[in-house]
Amino acid sequence: MGVVKANAYGGSDIEIAKYLQDLGIDYLAVANAEEGALLRKNKISTPILVFSPQLEDLEKLFEYNLEPAIYNQTLLDKSLQLALNGSLENYPIHLKFNTGMNRLGFSIQNVDSLKKVFPNQFLLIKSIYSHLGHSQEQSPFNQTLKQANKFNMIVSTLIGHIKPKPLLHLLNTSGIFNFPHLQYNMVRTGIGLYGFANDPLWDNFLKPVMKLESKVIQIQKVHKGDYVGYSKGYKSEKDARVAIIPLGYADGISRHSGNGRTQVWINGSSASIIGNICMDLLMVDVSDIECKEQDKVEFFGFNQSAQEFAENSGTITYEQLSRLGPRIKRKFT
15 MGVVKANAYG GSDIEIAKYL QDLGIDYLAV ANAEEGALLR KNKISTPILV FSPQLEDLEK
75 LFEYNLEPAI YNQTLLDKSL QLALNGSLEN YPIHLKFNTG MNRLGFSIQN VDSLKKVFPN
135 QFLLIKSIYS HLGHSQEQSP FNQTLKQANK FNMIVSTLIG HIKPKPLLHL LNTSGIFNFP
195 HLQYNMVRTG IGLYGFANDP LWDNFLKPVM KLESKVIQIQ KVHKGDYVGY SKGYKSEKDA
255 RVAIIPLGYA DGISRHSGNG RTQVWINGSS ASIIGNICMD LLMVDVSDIE CKEQDKVEFF
315 GFNQSAQEFA ENSGTITYEQ LSRLGPRIKR KFT
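Have a look at this one:
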């Protein structure tokens with residue numbers, strides 16, 4: 015299962031979903047009905063699991079043949095009612111269980127009541143799954159093993175009531191690397207598709223697929239003692255050259271990236287972001303770099319990874335990639 019939620023982690027859900035579909039992926043996954051409907055409108059026919067459906071979105075899911083994760087009794091009842099009203103047979107759903115992450119999901123105590131609902135002719139359980147809360151921790155890890163044991167108990171109790179046998183899945187990207195004995199018959203990879211796996215050793219097996227570039231649109235000369243940007247964010251200790259770059263926090267470059275915490279690369283050299291990040295612009299000290307207007311500026315890609323840029327910005331790769339805004343033009347190679 016290829017996870018393309020959040021605009022494919024900041025890339026482009028439509029383009030990447032098309033590419034994965036052409037490769038023959040078995041399943042795609044998104045967060046909500048809007049993301050799934052967009053893929054359907056763009057000729058994505060691969061089965062799509064919706065991780066976090068809400069009651070008011072169920073009709074849209076049925077309209078676009080999206081497969082909801084059912085994680086509580088209210089959703090199950092509403093889904094069954096919609097299937098009855100529409101005279102649908104075997105509408106595909108997925109049962110999500112909370113085995114210890116304590117986020118979405120039925121509990122193990124719900125299994126007996128679910129056994130009374132299935133099988134029925136209106137809803138077809140395509141998969142039973144759960145989500146590990148500590149999949150990046152070194153295997154073996156006690157909490158993960160407890161979750162796996164609880165998942166096995168749920169499956170063994172419920173699976174005899176479900177025909178045909180559903181898919182079973184527990185692992186995300188970190189889990190694929192860390193707990194291969196828990197693969198069952200499907201795995202979900204999200205951040206791994208894009209080149210990261212929450213561990214430097216695992217990252218060696220992956221190739222990042224995204225780079226972020228911009229350009230210099232002006233170079234300012236500042237004098238010693240001059241301030242750069244808003245709120246006295248940076249005071250120059252020397253006569254300097256400052257390059258202005260047309261990306262800001264509205265584009266997903268956090269304000270925490272400013273004031274010397276992160277670097278960009280221009281003409282093969284690193285340059286510090288100085289001052290406070292603005293909504294649409296940021297400033298870089300290029301006093302020691304030969305550069306001019308329109309020269310390329312790399313935020314991450316060849317010279318530093320998105321993980322390095324994210325860590326220097328005080329966040330994680332997931333957040334840095336997924337918050338890249340729609341104003342950034344995507345180019346596909």
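Start counting the sequence shown at 15; every next residue gets the next number (my numbering).
Note that CB positions come from ideal geometry on N, CA and C, so glycine has one too.
Note that this is a predicted model, so its numbers are computed, not measured.
Under 7 Å between C-beta atoms of residue i and residue j
{"i": "Gln150", "j": "Asn212", "result": "yes"}
{"i": "Lys3", "j": "Asp253", "result": "Nothing about residue 3 can be read from this structure; the chain reaches only from 15 to 347."}
{"i": "Ala285", "j": "Ile303", "result": "yes"}
{"i": "Phe191", "j": "Trp216", "result": "yes"}
{"i": "Tyr78", "j": "Ala97", "result": "no"}
{"i": "Leu196", "j": "Ile142", "result": "no"}
{"i": "Leu63", "j": "Glu48", "result": "no"}
{"i": "Ala146", "j": "Phe165", "result": "As written in the sequence, residue 146 is Leu, which differs from the Ala given in the question. Not a contact, by the Cβ cut-off of 7 Å."}
{"i": "Val236", "j": "Ile280", "result": "no"}
{"i": "Phe313", "j": "Val256", "result": "no"}
{"i": "Gln35", "j": "Ile58", "result": "yes"}
{"i": "Asn163", "j": "Leu182", "result": "no"}
{"i": "Ile205", "j": "Tyr41", "result": "no"}
{"i": "Ile139", "j": "Ile176", "result": "yes"}
Close-in-space but distant-in-sequence residues of the same chain around residue i (CB under 7 Å, 5 per side omitted)
{"i": "Gly328", "result": "His270"}
{"i": "Glu103", "result": "Gln135 and Phe136"}
{"i": "Ile348", "result": "Nothing can be reported for residue 348, as the shown portion of the chain is limited to 15 through 347."}
{"i": "Tyr263", "result": "Arg269, Ile291 and Met293"}
Spatially closest choice to residue i from the options, by CA coordinates
{"i": "Asn218", "options": "Tyr208, Trp279, Gln95 and Leu226", "result": "Tyr208"}
{"i": "Leu335", "options": "Gly289, Leu146, Asp265 and Thr347", "result": "Asp265"}
{"i": "Gly119", "options": "Glu81, Asn86, Gly24 and Leu34", "result": "Asn86"}
{"i": "Met115", "options": "Leu109, Thr158 and Pro82", "result": "Thr158"}
{"i": "Glu70", "options": "Leu196, Lys306 and Thr88", "result": "Thr88"}
{"i": "Glu73", "options": "Ser59, Leu128, Phe210 and Ser93", "result": "Ser93"}
{"i": "Pro180", "options": "Phe132, Leu37 and Thr347", "result": "Phe132"}
{"i": "Val44", "options": "Pro61, Gly282, Tyr198 and Tyr33", "result": "Pro61"}
{"i": "Ile233", "options": "Tyr332, Glu227 and Cys305", "result": "Cys305"}
{"i": "Ser301", "options": "Met167, Glu251 and Phe155", "result": "Glu251"}
{"i": "Ser268", "options": "Ile58, Asn124 and Gly289", "result": "Gly289"}
{"i": "Asn46", "options": "Ile84, Asn156 and Tyr33", "result": "Ile84"}
{"i": "Asn273", "options": "Tyr263, Tyr33 and Met297", "result": "Met297"}
{"i": "Lys160", "options": "Lys130, Asn124 and Thr113", "result": "Thr113"}
{"i": "Arg117", "options": "Pro154, Phe65, Phe155 and Gly100", "result": "Phe65"}
{"i": "Leu53", "options": "Ile39, Gly38 and Lys32", "result": "Lys32"}
{"i": "Ser101", "options": "Leu90, Val125 and Phe76", "result": "Phe76"}
{"i": "Gln321", "options": "Ile342, Leu338 and Phe210", "result": "Phe210"}
{"i": "Gly339", "options": "Thr276, Leu226, Phe346 and Lys246", "result": "Leu226"}
{"i": "Arg275", "options": "Gly282, Ile287 and Ser283", "result": "Ile287"}
Close-in-space but distant-in-sequence residues of the same chain around residue i (CB under 8 Å, 5 per side omitted)
{"i": "Thr203", "result": "Met15, Gly16, Val17, Asn186, Thr187 and Ile190"}
{"i": "Gly25", "result": "Tyr208, Val223, Met224, Leu335 and Arg344"}
Same chain, Cβ closer than 6 Å to residue i, neighbours up to 5 away in sequence not counted
{"i": "Ala20", "result": "Ser336"}
{"i": "Ile330", "result": "Ala324"}
{"i": "Phe111", "result": "Gly119, Phe120, Ser144 and Ile168"}
{"i": "Asp27", "result": "Val18 and Asn21"}
(message) Restricting to runs no shorter than 3 residues, where is the beta strand (DSSP E) found entirely within the stretch 80-150?
(response) 81-84, 105-111 and 137-144
(request) Just list the beta strand (DSSP E) runs in the stretch 182-230, keeping only unbroken ones of 3 residues or longer that don't cross its boundaries, in chain order. (result) 226-229
(message) Assess contact between the stretch 310-317 and the stretch 240-247, defined as three or more Cβ pairs (one per stretch) separated by less than 8 Å. Is contact present?
(response) no
(message) Counting beta carbon pairs with one atom in the stretch 171-182 and one in the stretch 288-295, are three or more of them shorter than 8 Å?
(response) no
(message) Ignoring anything shorter than 4 residues, give me the alpha helix (DSSP H) runs that lie fully in the stretch 31-81, in order along the chain.
(response) 47-55 and 72-77
(message) Report the start-end ranges of each beta strand (DSSP E) in the stretch 250-297 that is 3 residues or longer and not cut off at the edges.
(response) Uninterrupted beta strand (DSSP E) stretches at least 3 residues long and entirely within the stretch 250-297 occur at 254-259, 277-280 and 283-288, given in chain order.
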